[in-house]
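Order-wise, the sequence lines are chains A and B.
Each residue of the first sequence is one higher than the last, beginning at 0 in numbering that gives the first Met the number 0.
Each residue of the second sequence is one higher than the last, beginning at 0 in numbering that gives the first Met the number 0.
All residues carry an ideal CB built from backbone N, CA and C; glycine is no exception.
What you are looking at is a predicted structure, and each value in this text was computed from that prediction instead of being measured.
Below you'll find the structure, written out as structure tokens, and then a few comments.
There are 2 protein chains.
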Amino acid sequence: MRVAVVGCGVIGRSWIRVFTRAGHDVRVWDANPAAQDAALIWHESERLRAGTPGPMPQAAASLGEALDGAVYVQESGPEVLEAKRALYAALDAAAPPGAILASSTSTLDMTAIAAALPGAARCIVAHPVNPPHVVPVVEVLGGASTTPETVETTCTILRQAGQVPVLLNRYVPGFLLNRMQAALVREAISLVQSGVADVEAVDAVIQQGLGLRWALMGPFGVANTNADGGVREYFTRYGGSFEWLMNELGETPMFTPELIEEIGRQVDAMVGGTSHEVLRAWRDRMVERITTLKEQDTP
Amino acid sequence: MRVAVVGCGVIGRSWIRVFTRAGHDVRVWDANPAAQDAALIWHESERLRAGTPGPMPQAAASLGEALDGAVYVQESGPEVLEAKRALYAALDAAAPPGAILASSTSTLDMTAIAAALPGAARCIVAHPVNPPHVVPVVEVLGGASTTPETVETTCTILRQAGQVPVLLNRYVPGFLLNRMQAALVREAISLVQSGVADVEAVDAVIQQGLGLRWALMGPFGVANTNADGGVREYFTRYGGSFEWLMNELGETPMFTPELIEEIGRQVDAMVGGTSHEVLRAWRDRMVERITTLKEQDTP
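Here you go:
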């Protein structure tokens, strides 16, 4: 199956890896030839590191060449509505009939991007976590004109490529993932800003506490295992405490330069000189190992 | 070193394991002899399962016998202020001079529990995650009269037993852990209640997405690795989007019987007949494996 990867930033290059690893014939295009070259060089080093060859992706000389024969297009261009609209008009005009046009957008509504296009039915959001070749989840969400067949085929293609598609019923800002992240980050910053604890303490409570469970179960799964009678007993017993605590939570902070510098200073103290590149490489290889553990032992 | 475990519920019995595993001489007491027996039977099966013997804990015939010679007391009694006050008066009267009196309370303020006691200086909160023999983090927090020496010794004893003590500068309801959990649960429930996605989708975004990172890094560590320029660049670039999204987040839900039943129904569909006991056993052994992975490979 031929897949076109359009847009070769940090997200796009990782999608190349997802689809070649799945055995697909991947054509790659970026409006900026230097970005296209850089992505293919990154991909080659990643392919060698992983030791799972798969077919080589092909650089396309034009958008038309990238789309030629494609069954699925994964677009990861700039997050600007007007740019996305222009790109989708070009994709819809040039892609083979029936090819799915999926966007990595984390913020935009496909209704706003594709409403006016003849091929609006085949346009869809498939928002990954960075980087998708490491973190499996992909938020999938149609626009007003997207057909159920487009949704279904997108989920099938992603699932066959080893991702975990998650379906949203309608558009909300931030989808699921960035909303839940924002909820946690808001309270984390509030605790630091009000002096209850420092950055290192707040992070420790997640990475040595709550996060160990959340790598295995979401908040509902955790609630289900935290009471002997399951989730109904848990929320019946603790619902009142949750309501009370939820109304005590911190407000949205202002991201002033002073707040950002204070957080930066405390993060510097926490990481003690380890660069964020080293930390990120560790994070990504450990995520892969945890994912492997979860594949080897299921409940 | 002798440790007294006072209160033998699900938290107390797990503390027995933490301290015997660390090689301590543990004396166990509960006001209810049946609970004391049940905890010791659970502990024996857990000890055999883990294959790391350690010394046997001793059942005490009275609170005084449990406290005799103890250097550290871990109390896990009922979460009721008046009961806690009465228990701390008894502990302070009977424990050897200088023994630390640490409470597993998840909600109460040590100032309110111990203010009137002669030994208020040695009373402290050491709030674990359930179960502490699996999840390392412990929130540590003194009352108004607690001395820095008590805080320091408590952290040292916990650290030597393999836990990760995390220090709070002052009391807030829910401490760090339950506040951050409540922030995430609030948004998760809001997304389900407003029909944006179902329980399974929301949980998948955590356990196949955000949670994989949070097992390794807290929200500040993640922010630090999500931009090439580190945490300052991340919050400078995305602070505006975060502010906007944080102001869009859902409100505190009412935990009505209808909401709880709807969540229960969707959790039933998600787990497909797997009991919460089986899921909990899987969760706990996987948390141990992830913790081992993190010990073997550090950044």
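Along chain A, which residues have their Cβ under 8 Å away from the Cβ of residue i?
| i | result |
| --- | --- |
| Asp36 of chain B | Here the premise fails: no neighbours, minimum Cβ distance about 18 Å. |
| Ala242 of chain B | A small fix is needed here, since residue 242 of chain B is Glu in this sequence, not Ala. Under the 8 Å cutoff, chain A gives Thr251, Pro252, Met253, Phe254. |
| Gln192 of chain B | The premise fails here: Gln192 of chain B is roughly 12 Å from chain A at the closest Cβ pair, so nothing lies under 8 Å. |
| Asp202 of chain B | Met216, Gly217, Pro218, Phe219, Gly220 |
| Val270 of chain B | Gly220, Asn223 |
Relative to the C-alpha of residue i, which residue among the options is closest?
| i | options | result |
| --- | --- | --- |
| Ala58 of chain B | B:Tyr71, B:Arg46, B:Ala30, B:Arg84 | B:Ala30 |
| Asp227 of chain A | B:Ala3, B:Met0, B:Arg1, B:Gly8 | B:Gly8 |
| Ile112 of chain A | A:Asp91, A:Val128, A:Pro131, A:His132 | A:Asp91 |
| Val195 of chain A | B:Val191, B:Val184, B:Tyr170, B:Val198 | B:Tyr170 |
| Pro54 of chain A | A:Val17, A:Gln35, A:Ala60, A:Ser75 | A:Val17 |
| Val165 of chain B | B:Ala125, B:Pro131, B:Ala187 | B:Ala125 |
| Thr149 of chain B | B:Gly68, B:Glu242, B:His42, B:Ala120 | B:Ala120 |
| Glu15 of chain B | B:Ile99, B:Tyr87, B:Pro131 | As written in the sequence, residue 15 of chain B is Ile, which differs from the Glu given in the question. Among B:Ile99, B:Tyr87, B:Pro131, the Cα nearest to that of Ile15 of chain B is on B:Pro131. |
| Ala187 of chain A | A:Glu287, A:Ile262, A:Met269, A:Ala21 | A:Ile262 |
| Gly118 of chain A | A:Thr145, A:Ser105, A:Ala21 | A:Thr145 |
| Val184 of chain B | B:Leu248, B:Glu232, B:Gly208 | B:Leu248 |
| Thr104 of chain B | B:Val163, B:Asn177, B:Gly161, B:Arg158 | B:Asn177 |
| Gly208 of chain A | B:Leu80, B:Leu215, B:Thr155 | B:Leu215 |
| Pro32 of chain A | A:His23, A:Gly6, A:Leu47 | A:Gly6 |
| Arg264 of chain B | B:Ile289, B:Gln192, B:Arg282 | B:Gln192 |
| Ala143 of chain B | B:Arg158, B:Met109, B:Gly173 | B:Met109 |
| Ala222 of chain B | A:Val70, A:Arg236, A:Val270 | A:Val270 |
| Tyr302 of chain B | B:Val133, B:Leu47, B:Trp243, B:Glu151 | Because chain B spans 0 through 298 in this model, residue 302 of chain B falls outside it and cannot be assessed. |
| Phe299 of chain B | A:Gly161, A:Ile259, A:Arg48 | Residue 299 of chain B lies beyond the residue range present for chain B, which begins at 0 and ends at 298; the question has no answer from this structure. |
| Ala160 of chain B | B:Asp296, B:Thr297, B:Val25 | B:Val25 |
| Ala49 of chain A | A:Gly239, A:Arg284, A:Pro95 | A:Arg284 |
| Ile289 of chain A | A:Tyr87, A:Leu116, A:Trp213 | A:Trp213 |
| Arg158 of chain B | B:Asp197, B:Val136, B:Ile10, B:Thr106 | B:Val136 |
Does residue i come out as helix, strand or coil in the three-state DSSP assignment?
| i | result |
| --- | --- |
| Val5 of chain B | strand |
| Val128 of chain B | coil |
| Leu140 of chain B | strand |
| Val221 of chain B | helix |
| Leu278 of chain B | helix |
| Glu247 of chain A | coil |
| Val17 of chain B | helix |
| Val191 of chain B | helix |
| Thr273 of chain A | coil |
| Thr235 of chain B | helix |
| Val133 of chain A | coil |
| Gly53 of chain A | coil |
| Ala268 of chain B | helix |
| Phe241 of chain B | helix |
| Pro256 of chain A | helix |
| Pro298 of chain B | coil |
| Gly301 of chain B | The shown model of chain B, from 0 to 298, leaves out residue 301 of chain B, and the question about it has no answer. |
| Asp227 of chain A | coil |
Which residues in chain B sit within 7 Å of residue i, going by Cβ to Cβ distance?
| i | result |
| --- | --- |
| His275 of chain A | Asn223, Thr224, Gly229 |
| Gly24 of chain A | It is worth fixing the name first, because residue 24 of chain A is Asp in this sequence and not Gly. Correct list: empty, because the minimum Cβ distance to chain B is about 27 Å. |
| Pro298 of chain A | Thr273, Val277, Leu278, Trp281 |
| Gln207 of chain A | Pro135, Val136, Val163 |
| Glu186 of chain A | Arg178, Met179, Ala182 |
| Val266 of chain A | Phe219, Asn223, Val230 |
What does residue i pair with, by DSSP beta-bridge criteria?
| i | result |
| --- | --- |
| Val27 of chain B | B:Val4, B:Ala58 |
| Ile289 of chain B | Answer is none; Ile289 of chain B lacks a bridge partner. |
| Ile123 of chain A | A:Ala101, A:Gly141 |
Identify the contact partners of residue i in chain A, using a Cβ-Cβ distance below 7 Å as the criterion.
| i | result |
| --- | --- |
| Asp263 of chain B | The amino acid at residue 263 of chain B is misidentified as Asp; the sequence shows Gly. Within 7 Å Cβ-Cβ: Val230, Arg231. |
| Val79 of chain B | Residues of chain A passing the Cβ test: none, with the nearest at roughly 13 Å. |
Just the chain A side, please: which residues come within less than 9 Å of residue i by C-beta, in chain order?
| i | result |
| --- | --- |
| Ala49 of chain B | Residues of chain A passing the Cβ test: none, with the nearest at roughly 17 Å. |
| Asp91 of chain B | Residues of chain A passing the Cβ test: none, with the nearest at roughly 27 Å. |
| Arg288 of chain B | Ile289, Leu292, Asp296 |
| Thr235 of chain B | Phe254, Pro256, Ile259 |
Could you work out which residues of chain B lie near residue i, taking near to mean beta carbons separated by less than 9 Å?
| i | result |
| --- | --- |
| Asp108 of chain A | The premise fails here: Asp108 of chain A is roughly 13 Å from chain B at the closest Cβ pair, so nothing lies under 9 Å. |
| Pro147 of chain A | Here the premise fails: no neighbours, minimum Cβ distance about 16 Å. |
| Glu247 of chain A | Val171, Pro172, Gly173, Arg178, Ala181 |
| Trp213 of chain A | Leu183, Ile205, Gln206, Leu209, Gly210, Leu211, Trp213, Ala214 |
With a threshold of 7 Å (Cβ to nearest heavy atom), would residue i be considered close to the ligand GTP?
| i | result |
| --- | --- |
| Gly97 of chain A | For the structure depicted, the ligand GTP is absent and the ligand set is empty, with no information on it obtainable. |
Which residues of chain B have a Cβ atom closer than 8 Å to the Cβ of residue i, listed in chain order?
| i | result |
| --- | --- |
| Gly239 of chain A | Phe254 |
| Asn31 of chain A | Within chain B, no residue comes near Asn31 of chain A; the closest Cβ sits about 17 Å away, beyond 8 Å. |
| Val195 of chain A | Leu167, Asn168, Arg169, Val171, Leu175 |
Review point. If you scan the segment 59-117 of chain A from start to end, which runs of the alpha helix (DSSP H) of 4 or more residues do you find wholly inside it?
Key: Listed in chain order, they are 62-66, 80-93, 109-113.
Review point. Can you give, in chain order, each stretch of the beta strand (DSSP E) that sits fully within the segment 142-177 of chain A and has at least 3 residues?
Key: List check, beta strand (DSSP E) in window: 163-166.
**Study point:** Within the segment 193-219 of chain A, ranges of the alpha helix (DSSP H) (whole runs, at least 4 residues)
**Key:** If we require 4 residues or more, the alpha helix (DSSP H) runs fully inside the segment 193-219 of chain A come out as 198-204, 210-213.
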